[in-house]
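Visitor: Going by UniProt numbering, the residue at position 115 of the sequence shown is 115; the numbering climbs one at a time, nothing skipped.
Take this structure, written in C-alpha cells, and hold onto it; I'll ask about it next.
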Amino acid sequence: MDKSDNKNVKNKEELKKAEYKGHRERIRKRFLDKGIHSFSDYEILEFLLFYCNAQEDTKPIAKAILKEFKSLNRVFKADIKELEKIKGIGPISAILIKFVGELLTELYGENLKIETKADKITDKEALLKFLRNKIGYEDVEKFYVIYLSSSNEVIAFEESSSGTLDRSSIYPREIYKRVIMENAKSIIIAHNHPSGNTCPSKCDIDITNEIAKGLKNFGALLLEHIIITRDSYFSFLEEGLI
C-alpha cells in the first residue's frame, strides 16, 4: 500500500468518525428538545451505549441487542454474560445496561405508594409501571401479592405462584397467613398473561372472589386485581368485579 492509499484510508476513517459525531450530537439534541419519548427502543440503547463506546457506531449494536432479547425490558433484565455474547458488547457496556435495569427496578419498588380514595386507586400509573416491570414481560404466568399497611405503604411484594394458573396452584390460606404475619390491612393481587390477552378467565374471577371473601375474616380488604401484559392491563376494580 503506497502513501496515497494510506491517505485515502485515513481520510475515510476521519470522515466516518465525523459522521458518528454528527449523528450522536443530533440524537443528544433530540433528547434535550423532545425527551426520551421521541426515541425508538433501539435509539434508547444506542444513546446509552454512547457513554461507554466513544468510537464505534452503536446503532447496529443496539439493533442486535433488541433482535436477541426482543424488548427493552428483557434487555435490562438480561444477565451480564448473556449481554456479552452480543458482538460489540464488552464488560463495561454489559455492566452499564445491567446497572440501569436494576436501578429501574429499585426506583419502581421504592416509589410505589398506593393511595385509595372512595375505594379507587389514585396512583394507578405507578402501580401499572411497577407491575409491568416485574411481571409484564415474563414468558410464564406469575401470580403476585402486594401487602399494604394501614397507610397504604407497601409492606411486602411476593410471588405466590408461577406457571399455568389454576385454583390448585394458588393457596389463599397462605395469603391470609401473610396478612396476619405482616399485619396488612389490604392487598393487591396481580398476574400476567404472556399471550397478551388481558381478558380474565372464569378461574381468574373465581380466585378473586374467593380471596376477597376470605380476607374479610381477617379484617383486610382486596383493593385490586390486575392482569398485566407488556402493552395493556385489566382492572377488576375498574370493571366492577371487586
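Each residue gets a CB set at the ideal place from its N, CA and C atoms; glycine is no exception.
Using C-beta distances below 6 Å, list every residue in its chain close to Lys63, excluding the 5 sequence neighbours before and after it, in chain order.
Guide: Mapped onto the sequence shown, residue 63 falls at position 63. Same-chain partners within the cutoff: Tyr42.
Visitor: Spatial neighbours of Ile80 within its chain, please: C-beta separation below 6 Å, excluding the five flanking residues on both sides.
Guide: The sequence position of residue 80 within the sequence shown is 80, counting from 1. So the list reads Ala94, Lys98, once near-sequence residues are dropped.
Visitor: Near Arg230, which residues of its chain fall below 6 Å by C-beta distance, leaving aside the five closest residues on each side in sequence?
Guide: Here residue 230 corresponds to residue number 230 of the sequence shown, with the count starting at 1. Closer than 6 Å at Cβ, skipping near neighbours: Gly136, Tyr137.
Visitor: Would you mind working out which of Leu48, Ile242, Glu141 sits nearest Ala212, comparing C-alpha positions?
Guide: Within the sequence shown, the letter at position 212 stands for residue 212. Ranking Leu48, Ile242, Glu141 by Cα distance to Ala212 puts Ile242 first.
Visitor: Please check the pair Val140 and Pro194, which I expect to be a contact at CB under 8 Å, by giving their CB distance rounded to whole angstroms.
Guide: Stepping through the sequence shown from its first residue, residue 140 is reached at position 140. Stepping through the sequence shown from its first residue, residue 194 is reached at position 194. Indeed, because the Cβ distance is near 6 Å, the residues count as touching under 8 Å.
Visitor: Quick check on DSSP: helix, strand or coil for Lys142?
Guide: Mapped onto the sequence shown, residue 142 falls at position 142. Strand at Lys142.
Visitor: Smallest Cα separation from Ser232: which of Thr58, Glu210, Leu128?
Guide: As a first step, residue 232 is located in the sequence shown; it is residue number 232 there, counting from the start. Answer by Cα proximity: Leu128.
Visitor: Where do the ends of the beta strand (DSSP E) carrying Leu222 lie?
Guide: For the purposes of this step, residue 222 is identified with residue 222 of the sequence shown, where counting begins at 1. Start and end: 221 to 228.
Visitor: Could you tell me the alpha carbon to alpha carbon distance between Leu49 and Gln55, rounded to whole angstroms?
Guide: Along the sequence shown, read from residue 1 onward, the residue named residue 49 stands at position 49. Along the sequence shown, read from residue 1 onward, the residue named residue 55 stands at position 55. Each residue's alpha carbon lies about 11 Å from the other.
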